[in-house]
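In UniProt numbering, the protein residues as written are 1 to 82.
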């Protein structure tokens, strides 16, 4: 029983940690590309900024879905037979 709970805690940590790293890298790359595109074509900055914020929200939503799955495993563990 303790072995299962320990492995589930490890899995939850991996889900949240790797999801945070992936979201951070994705938003960082997207922000860099936004700055490059804005420097090349300043007249498109408003349209690009709108699209960048929509994509940032989608990237964060994917991370938050991973957090919700980790919380599901942490508090309503389907692997432990009560």
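In this text, a Cβ means the ideal position worked out from N, Cα and C, and glycines have one as well.
Residues of its chain near residue i, where Cβ-Cβ distance is below 6 Å and the 5 sequence neighbours each way are ignored
i, result
"residue 56", "27"
"residue 6", "none"
"residue 17", "none"
Residue i - DSSP class collapsed to helix/strand/coil
i, result
"residue 80", "coil"
"residue 41", "coil"
"residue 1", "coil"
Close Cβ partners of residue i (< 7 Å) along its chain, the five nearest in sequence each way excluded
i, result
"residue 38", "45 and 48"
"residue 11", "73"
"residue 15", "66, 69 and 70"
"residue 79", "4 and 8"
"residue 42", "none"
Local Cβ density within 10 Å of residue i, reported as buried at 16 or more and exposed below that
i, result
"residue 13", "exposed"
"residue 63", "buried"
"residue 1", "exposed"
Cut-off 8 Å between Cβ atoms - residues of its own chain near residue i, not counting five sequence neighbours on either side
i, result
"residue 59", "23, 26, 27 and 30"
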